[in-house]
Amino acid sequence: MTVRPLDRLIRPKSIAVFGGKEARRVIYQCDKMGFAGDIWPVHPREDEILGRKCYRSVAELPGAPDASFVGVNRELTIGIIRDLAARGAGGAVCYASGFREAVSELADGDDLQKALVEAAGDMPILGPNCYGFINMLDGALLWPDQHGMLRIEKGVAVLTQSSNIACNISMQQRGLPLAYILTAGNQAQTGLADLALAVLEDPRVTAVGLHIEGFDSLEALERLGLRARELKKPVVTLKVGKSEQAQLATVSHTASLAGNDAVSSALLARLGIGRVETLPELLETLKLLHVAGPLPSYDISSMSCSGGEASLMADAGVKRKVNYRALKDFQRQPLRETLGQMVTISNPLDYHTFVWGNREKQTEAFTTMMKGGYALNLVVLDFPRLDRCDAADWTTTCHAVIDASKAAGAHAGIVASMGENMPEATAEMLMRNGVVPFYGIEEALAAAEAAAGIGEAWAKPQPAPLLKTTASEGEAVTLTEHEAKQALAAHGVPVPKGLTAGTAEDAAQAAETLGFPVVVKGLGIAHKTEASAVKLNLAGREAVLEAAHAMAGVASGFLVEKMVARPVAELIVGAMRDPVAGPVLTVGAGGILVELLEDSAILTLPTDETAIRAAIGNLKVAKLLDGYRGGPKGDVDALVAAVASAASYVVSNASIIEELDVNPVMVLPEGDGVVAADALIRLRKNP
0 MTVRPLDRLI
10 RPKSIAVFGG
20 KEARRVIYQC
30 DKMGFAGDIW
40 PVHPREDEIL
50 GRKCYRSVAE
60 LPGAPDASFV
70 GVNRELTIGI
80 IRDLAARGAG
90 GAVCYASGFR
100 EAVSELADGD
110 DLQKALVEAA
120 GDMPILGPNC
130 YGFINMLDGA
140 LLWPDQHGML
150 RIEKGVAVLT
160 QSSNIACNIS
170 MQQRGLPLAY
180 ILTAGNQAQT
190 GLADLALAVL
200 EDPRVTAVGL
210 HIEGFDSLEA
220 LERLGLRARE
230 LKKPVVTLKV
240 GKSEQAQLAT
250 VSHTASLAGN
260 DAVSSALLAR
270 LGIGRVETLP
280 ELLETLKLLH
290 VAGPLPSYDI
300 SSMSCSGGEA
310 SLMADAGVKR
320 KVNYRALKDF
330 QRQPLRETLG
340 QMVTISNPLD
350 YHTFVWGNRE
360 KQTEAFTTMM
370 KGGYALNLVV
380 LDFPRLDRCD
390 AADWTTTCHA
400 VIDASKAAGA
410 HAGIVASMGE
420 NMPEATAEML
430 MRNGVVPFYG
440 IEEALAAAEA
450 AAGIGEAWAK
460 PQPAPLLKTT
470 ASEGEAVTLT
480 EHEAKQALAA
490 HGVPVPKGLT
500 AGTAEDAAQA
510 AETLGFPVVV
520 KGLGIAHKTE
530 ASAVKLNLAG
540 REAVLEAAHA
550 MAGVASGFLV
560 EKMVARPVAE
570 LIVGAMRDPV
580 AGPVLTVGAG
590 GILVELLEDS
600 AILTLPTDET
610 AIRAAIGNLK
620 VAKLLDGYRG
630 GPKGDVDALV
640 AAVASAASYV
650 VSNASIIEEL
660 DVNPVMVLPE
670 GDGVVAADAL
680 IRLRKNP
């Protein structure tokens, strides 16, 4: 059933409240924040609550409420939701717990949740097991607790399943203008992505942050990414649950590389949705997105009046994609003239204290730096304690940054290396003047990286719709290596010339037909190396006979192949079925280095050669492919084509593919191609 839009629920003109103390708190919060619409309490015994007439039931209400807070027990909740839906209400918050989240304690929890969704019909509901939401643009709070927010005219929205985390976020003192906080609880009917889509449409919302425990709908997430791009309103997520890896009956290396968390990152990147690791990073990123939006590049500058701070900034950037690009020639002489001969002109820049307290000189220096074309310009500035010290010179520096940002037409931020060293009033003043107040060096760089990642994604063409398939429920079967290679070869993956043999004599004959040297492998064995079922570089008939006789006890037959020349590098190309994203592709360092290096990238499907080339270029093993320390360059073009061919095979078999593992893919010197030296495929046969 299609649920009606959420507009009436989250931007109500009338609110009905059901229940006792929680409902009373909702009324109190709406009054405190100046809600201008109607509030209708519903209670079976009270005549009035907080000066408002009480109604006995949904039927007695003066009209169909836009939003309702249902703060009664779980059984009564279902009846009230049914009555509201029948009355044509705009939507409701289901506060009660004891539904699907409590199935281990309450046997009927799952059934009650299904009954609740059925009762709602096409009326939107949030929860159950959630506090509701705070709309500070309109002063509408279906929220039965304290919060730390103020009325604003424009700001960001933060959405989470967790009501307690939402409450914590509302108490932030970082200068972040919070327009909405919304909780989804169990997401019985309405998920976080649907809520995010609804708040994106509000012209007063500048960016959206999601605290995600699990993706409720891949289709809704894909719509969210597309709509965010269309509206130029960025979305950033804190995806928690670096989870168990999806390796049901896994017999390959692929699943050990492609855990659900890695797939989540690839999925979000594809959709142009940013990702951060902590709540502080989420809030700091939202501040940057509110002020500047997505960044056009990873290039940043850093300025501080201390070499120690410059070193901290430089070191923190090592593990990030941010780039402290060198200054341009036209910047050097003006900086030298402003700062003096003793200052090293570099990025990060330690501008010393020669211009400290001098707004004009600081503005000149900061403006020159900000004219360098950086996506973001940072100034490190930790305030002294205001209860014990004089912060006049620090305030002067803030105004110099504001002046320079306006003069250069550049994005700027002031970074307190320790969050407590940025007064909230200062943060709010900076935000009003278009300068981002960052609480923490790590958080500032995480924000820059996330904002640049969104900008990078938006600069590319809109990605093709994600591959959506229904997985077969048939029994999983493993193809022999020869069968797997033939299947891949049909899609263009280069494989060695090879022949199968049933006996040692047949293997020797096959080797002579192919020409020496050859490789002999035992068939029917998942991990051939561990079982001593692989013999390499066999140069004659007797060597082949000896090898085949040695592995005859564990092998069901033999695969004889031409020996591949020494490669520049060995890679792995694999695929597995993710519970949310479906089949995804993995490419990374292969051979014996798979688990040792953990050097891999995930590609959601369908993909293209541009994305494949970028993924390979970001691997550590890319240095080998580029001719490490004078060695030969690898045939990257052939590698990209082979990965694209493997992706074609996976897409063509999307409903039945369970696992693909091509390891190693031998990358030969430039112009000589690549060869898939080993391959494993598991398919689910249609029942």
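For the record, in the sequence shown the residue sitting at position 622 is 621 according to numbering that gives the first Met the number 0, with numbers rising by one throughout.
We treat Cβ as the ideally placed atom computed from N, Cα and C, and that holds for glycine.
The structure presented is a predicted model; accordingly, all values stated were derived computationally and were not measured.
Residue i burial status per 10 Å Cβ neighbour count (16 or more: buried)
i, result
"residue 109", "exposed"
"residue 564", "exposed"
"residue 616", "exposed"
"residue 134", "buried"
"residue 247", "With a pLDDT of only 35 at residue 247, under 50, the local geometry of the prediction cannot be trusted, and no value is derived from it."
"residue 760", "The chain is shown only over 0 to 686; residue 760 falls outside these bounds and no answer can be derived."
"residue 113", "exposed"
"residue 712", "With the chain running from 0 to 686 in the structure shown, residue 712 is simply not present."
"residue 388", "exposed"
"residue 674", "buried"
"residue 332", "exposed"
Bridge partners - residue i, DSSP secondary structure assignment
i, result
"residue 344", "For residue 344, which the question treats as bridged, DSSP gives no partner whatsoever."
"residue 13", "37"
"residue 557", "500, 521"
"residue 571", "587"
"residue 53", "According to DSSP, residue 53 bridges with nothing at all."
"residue 134", "139, 179"
"residue 679", "660"
"residue 674", "665"
Close Cβ partners of residue i (< 6 Å) along its chain, the five nearest in sequence each way excluded
i, result
"residue 651", "none"
"residue 619", "598"
"residue 676", "563, 663, 665"
"residue 324", "298"
Residue i versus residue j: straight-line alpha-carbon distance, rounded
i, j, result
"residue 59", "residue 131", "24 Å"
"residue 174", "residue 598", "39 Å"
"residue 307", "residue 313", "10 Å"
"residue 99", "residue 527", "45 Å"
"residue 428", "residue 401", "10 Å"
"residue 95", "residue 483", "53 Å"
"residue 541", "residue 530", "21 Å"
"residue 507", "residue 653", "38 Å"
"residue 288", "residue 366", "22 Å"
"residue 500", "residue 549", "15 Å"
"residue 228", "residue 457", "7 Å"
"residue 93", "residue 77", "9 Å"
"residue 267", "residue 35", "39 Å"
"residue 179", "residue 10", "10 Å"
"residue 459", "residue 231", "14 Å"
"residue 158", "residue 191", "7 Å"
"residue 449", "residue 309", "22 Å"
"residue 339", "residue 454", "37 Å"
"residue 465", "residue 184", "27 Å"
"residue 551", "residue 504", "12 Å"
"residue 672", "residue 613", "19 Å"
"residue 294", "residue 337", "29 Å"
Minimum C-alpha distance to residue i - residue among the options
i, options, result
"residue 656", "639, 642, 679", "679"
"residue 368", "334, 390, 399, 310", "334"
"residue 39", "354, 342, 51", "51"
"residue 586", "178, 664, 576", "664"
"residue 152", "143, 137, 576", "137"
"residue 476", "685, 10, 462, 2", "685"
"residue 43", "224, 273, 31, 56", "56"
"residue 277", "463, 210, 349", "210"
"residue 417", "441, 601, 64, 552", "441"
"residue 491", "74, 316, 644", "644"
"residue 494", "221, 505, 481", "481"
"residue 64", "41, 45, 309", "41"
"residue 160", "447, 387, 129", "129"
"residue 488", "413, 648, 214", "648"
Chain-order list of residues whose beta-carbon lies under 8 Å from that of residue i (same chain, five-residue window excluded)
i, result
"residue 4", "123, 197"
"residue 706", "Lying outside 0 to 686, the shown extent of the chain, residue 706 is not represented and no answer is given."
Proximal residues to residue i (C-beta, below 7 Å), its chain only, five neighbours per side dropped
i, result
"residue 517", "510, 537, 543, 559, 560, 561, 562"
"residue 687", "Outside the shown range of the chain (0 to 686) lies residue 687, about which nothing can therefore be said."
"residue 371", "300, 326, 327, 330"
"residue 146", "133, 166, 169"
"residue 524", "530, 532, 553, 554"
"residue 398", "358"
"residue 426", "173, 174, 436"
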